[in-house]
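Peer 1: Below is the structure I would like to discuss, written out as structure tokens.
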Amino acid sequence: MHTPSLIEQTPNAVWASAGAAEGDTELNAFDNALLAAQVGNLNLIRISSVLPQNATVLDQPPQITPGSLVPTVYSVHVSARPGETVAAAVGIGVAEGSHGMIYESHGTSLDEVEASVRQMIDEGFARRGLCLKEVIVRSIEHKVERIGCAVAAVVLWWR
7 MHTPSLIEQT PNAVWASAGA AEGDTELNAF DNALLAAQVG NLNLIRISSV
57 LPQNATVLDQ PPQITPGSLV PTVYSVHVSA RPGETVAAAV GIGVAEGSHG
107 MIYESHGTSL DEVEASVRQM IDEGFARRGL CLKEVIVRSI EHKVERIGCA
157 VAAVVLWWR
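If you want it as structure tokens, here you go:
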């Protein structure tokens, strides 16, 4: 009997989150922001932006074994400039009767990154001729103290 590989399976659930943190190095700031976003113990596999049709949008993070390979759309902004603001956002466009789209953005303000993902959703849906049913945005901004990072992520998983 053939067991489908990860690549052959279509996720049926998604969960979005955002987190920000400081660290002693840029990599530690990134890792700490991942922990704040509740995805820090997973091996994130960066993917492009198609939301599977009929995927359930979860309010809480799914139970995933630490170390699992997890398909994720994410945005990250790291800075070592004290006083600078870092921001990250992800936006999920849920379609009526079809697949949806996920977009990510990073910048220097919450308003900027949220507006950016909303604009990308509008354009992506118009280009594909999809009917937009719902938009879900997760975003965060952080004022850098020493070395700071903002992360926003959409995890695709199986229920």
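For the sequence shown, our numbering gives the first residue as 7, with consecutive numbering after it. Glycine included, C-beta positions come from ideal geometry on N, C-alpha and C. Keep in mind that this is a model prediction, so the values were computed, not measured.
1) Whole angstroms is fine: what's the gap from G89's alpha carbon to N38's?
2) On the DSSP bridge list, what partners appear for P67?
3) Leaving aside the five residues before and after V100 along the sequence, list all residues of the same chain whose C-beta is less than 8 Å from its C-beta, in chain order.
4) Quick check: T78 and V160, are their CB atoms within less than 8 Å of each other?
5) Over what stretch of residues does the alpha helix (DSSP H) that includes E129 continue unbroken?
6) Does the distance from the CB of A86 to the CB of E147 come in under 8 Å?
7) Can you give the Cα-Cα distance for V76 and R152, rounded to whole angstroms?
8) What are the boundary residues of the beta strand (DSSP E) that N49 is part of?
9) Select from L50, H112, E32, V123 the residue whose C-alpha is nearest the C-alpha of G74.
10) Restricting to Cα atoms, I'd like to know which of W163, A156, P67, E129 is closest to L40.
11) Taking all protein chains shown into account, decide if S23 is buried (16 or more other Cβ within 10 angstroms of its Cβ) or exposed.
12) May I ask you to report which of helix, strand or coil DSSP gives E28?
13) Is it true that the CB of W164 sits closer than 8 Å to the CB of Q15?
14) Assuming I146 is part of the beta strand (DSSP E), what are its boundary residues?
15) To the nearest whole angstrom, what separates the beta carbons of V96 and V123, a pair I think is in contact under 8 Å?
Peer 2: Straight from the coordinates:
1) The residue given as residue 89 occupies position 83 in the sequence shown. The residue given as residue 38 occupies position 32 in the sequence shown. Take the alpha-carbon of G89 and the one of N38: they are about 19 Å apart.
2) Taking the first residue of the sequence shown as position 1, residue 67 is located at position 61. According to DSSP, which records beta bridges pairwise, P67 is partnered with nothing at all.
3) Against the sequence shown, residue 100 aligns to sequence position 94. Counting only Cβ-Cβ distances below 8 Å, and skipping sequence neighbours, we find L57, V63, G106, L138, K139, E140, V141, I142.
4) Taking the first residue of the sequence shown as position 1, residue 78 is located at position 72. Taking the first residue of the sequence shown as position 1, residue 160 is located at position 154. At a Cβ-Cβ threshold of 8 Å, T78 and V160 count as neighbours.
5) Position 123 of the sequence shown, counted from the first residue, corresponds to residue 129. Note, E129: alpha helix (DSSP H), 116 to 134.
6) To locate residue 86, count along the sequence shown from 1; it is residue 80. To locate residue 147, count along the sequence shown from 1; it is residue 141. Not closer than 8 Å, so no.
7) Residue 76 sits at position 70 when you count from the first residue of the sequence shown. Residue 152 sits at position 146 when you count from the first residue of the sequence shown. The C-alpha of R152 is placed about 30 Å away from the C-alpha of V76.
8) For this step, residue 49 is matched to residue 43 along the sequence shown. That run of the beta strand (DSSP E) goes 49 to 52.
9) Locating residue 74 in the sequence shown gives position 68, where the first residue counts as 1. The question names Gly, but residue 74 is Ser in the sequence shown. Of the listed residues, the one whose Cα sits closest to S74 is L50.
10) Residue 40 sits at position 34 when you count from the first residue of the sequence shown. Comparing Cα positions, the closest option is A156.
11) Here the question's residue 23 lines up with position 17 in the sequence shown. Buried: at least 16 other Cβ atoms inside 10 Å.
12) Your numbering for residue 28 matches position 22 in the sequence shown. Correct three-state label for E28: strand.
13) For the purposes of this step, residue 15 is identified with residue 9 of the sequence shown, where counting begins at 1. For the purposes of this step, residue 164 is identified with residue 158 of the sequence shown, where counting begins at 1. A contact, by the Cβ cut-off of 8 Å.
14) Translated into the one-based positions of the sequence shown, residue 146 becomes position 140. Element bounds for I146: 138 to 149.
15) Within the sequence shown, the letter at position 90 stands for residue 96. Within the sequence shown, the letter at position 117 stands for residue 123. Right, the Cβ-Cβ distance comes to about 7 Å (below 8 Å), so this counts as a contact.
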